[in-house]
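At position 181 of the sequence shown (counting the first as 1) the number is 181 in the UniProt record's numbering, and the numbers step up by one without a gap. The C-beta atom is built at its ideal place from N, Cα and C for all residues, glycine as well. Data first, discussion second: the structure below is written as structure tokens.
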Amino acid sequence: MIKLATIAGSDASGGAGLEADLKTFQEYGGYGMAAITVIATMNPNAEWEHAVFPIDEQCLRSQLETIFNGVGVDAVKTGMLGTPYAVHLTAEYLNKYKIKNFVLDPVMVCKGADLALNPELNELIVQKLLPIAKIIMPNLFEAGQIAKVPTPKTIEEMQEAAKIIHDMGCPFVFIKGGAHLQGQSSAVDVFYDGTEFHKVEAELIQTTWTHGAGCTTAAAVTAGLGAGLAPYDAVLRAKKFITLSLRNGFEMNRWGGAGNPSAWRKPFN
Ligand code: PXL
Numbered sequence: 001m002i003k004l005a006t007i008a009g010s011d012a013s014g015g016a017g018l019e020a021d022l023k024t025f026q027e028y029g030g031y032g033m034a035a036i037t038v039i040a041t042m043n044p045n046a047e048w049e050h051a052v053f054p055i056d057e058q059c060l061r062s063q064l065e066t067i068f069n070g071v072g073v074d075a076v077k078t079g080m081l082g083t084p085y086a087v088h089l090t091a092e093y094l095n096k097y098k099i100k101n102f103v104l105d106p107v108m109v110c111k112g113a114d115l116a117l118n119p120e121l122n123e124l125i126v127q128k129l130l131p132i133a134k135i136i137m138p139n140l141f142e143a144g145q146i147a148k149v150p151t152p153k154t155i156e157e158m159q160e161a162a163k164i165i166h167d168m169g170c171p172f173v174f175i176k177g178g179a180h181l182q183g184q185s186s187a188v189d190v191f192y193d194g195t196e197f198h199k200v201e202a203e204l205i206q207t208t209w210t211h212g213a214g215c216t217t218a219a220a221v222t223a224g225l226g227a228g229l230a231p232y233d234a235v236l237r238a239k240k241f242i243t244l245s246l247r248n249g250f251e252m253n254r255w256g257g258a259g260n261p262s263a264w265r266k267p268f269n
């Protein structure tokens, strides 16, 4: 059994966060575990406004102890960490258990908000977690924040940011342009291994039902690494997985919709 863990927030609406991660792990045939860092809720009586409730430090440590010491893991991903102690505890456990397959999804924003939620926390993530990650998977905004450049708007700018991020100490960088890179007829991401840039392309799916897309993609890469795929192969497989998921997304309510990580199972999807 391939043992996979996510250290992430719970998204009570089910589309993103550890819920998306666990669904994806399951679809890959893995055994999913989760350490909850925060619980995110959305208020249907106030325009789906987000609230974030942190889990206390002792509880988080106890979850990490259960997973890392009690069961063991083949690959780990992080999502929304939410507090400085969550970053420190995550680094402590990844280091102590010498986790090789660590996928860092540097969640800085939820869909819609183009503003770093907490610059100090993001800086701590870069300091403590970037150097021990195998792959970091920022979106365009996050890539700009990490590389300290303006948000990339072209493939060349994505490549420049990827190189900077690689040189900050992470061996594999995957910048997700997806549908957000303007002027493209496909969904384009950039993968960099320190030597070569790969343009990772798939059908552009015009939808706003994308809640959880970043979490799902990172979880798919994590499951691929856990199963023994090389980083680039894990990325290519994840790109197919998220494309099918988004092609089969659904409307949750008037504020948005989510992808469907089980879509790949159905023929003709
Ligand atoms: O999609 C980013 C994200 C990650 N993690 C949690 C979230 C969200 C966005 O809503 O709620 C827990």
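What do you reckon, is the C-beta of residue i under 8 Å from a heavy atom of ligand 1?
i    : result
H211 : yes
G259 : no
S245 : no
M80  : yes
H180 : no
S10  : yes
V38  : yes
L4   : no
L18  : yes
C215 : yes
V107 : yes
H50  : yes
Residue i: buried (16+ other C-beta within 10 angstroms of its C-beta) or exposed?
i           : result
E142        : buried
N260        : buried
C59         : exposed
E196        : exposed
S245        : buried
S62         : exposed
residue 286 : The chain is shown only over 1 to 269; residue 286 falls outside these bounds and no answer can be derived.
V71         : exposed
D56         : exposed
P267        : exposed
G214        : buried
G226        : buried
F250        : exposed
G79         : buried
P119        : exposed
A234        : buried
K148        : exposed
A113        : Because the pLDDT at A113 is just 46, under 50, the model does not fix this residue reliably, and the value given afterwards should be weighed accordingly. So A113 ends up on the exposed side.
E47         : exposed
Among the residues of its own chain, which have a CB less than 6 Å from the CB of residue i, if the five just before and after it don't count?
i    : result
H180 : L140
Y97  : F68
H198 : F191
P106 : I125, P138, E142
A51  : T41
A187 : G178, A179, A202, L204
I2   : G30, D74, G226, A227
I36  : S10, I55
If I'm right that residue i touches residue j with Cβ under 8 Å, what's the distance once you round it to whole angstroms?
i           : j    : result
A12         : M33  : A12 to M33, Cβ: 19 Å. No contact.
A133        : F174 : Between F174 and A133 the Cβ distance is about 11 Å, and since that is not below 8 Å, they are no contact.
G194        : H166 : 5 Å
G256        : T208 : 6 Å
S10         : L22  : That pair is no contact at about 10 Å.
residue 320 : M158 : Nothing about residue 320 can be reported from this structure: the residues present for the chain run from 1 to 269 only.
L89         : I136 : The pair is not a contact, with the Cβ atoms about 19 Å apart (cut-off 8 Å).
So, for residue i: in the same chain, excluding its five sequence neighbours on each side, which residues have a beta-carbon less than 7 Å away from its beta-carbon?
i    : result
G15  : H211, G212, M252, A258
A238 : T217, A220, V221, G224
T66  : none
I146 : P106, V126, P138, I165
I99  : V73, V76
N95  : I132
F241 : A220, W264
I155 : V188, V190, K199
V38  : G9, V52, F53, P54, I55, M80, G82
Which same chain residues end up closer than 8 Å to residue i when comparing Cβ atoms and leaving out the 5 residues on each side of it in sequence?
i    : result
E49  : M42, N43
A91  : K128, L129, I132
L121 : L81, G82, T83, P84, V87
N269 : L244, R247, N248, A263
F25  : L4, T6, Y31, G32, A219, T222, A223
S185 : L204
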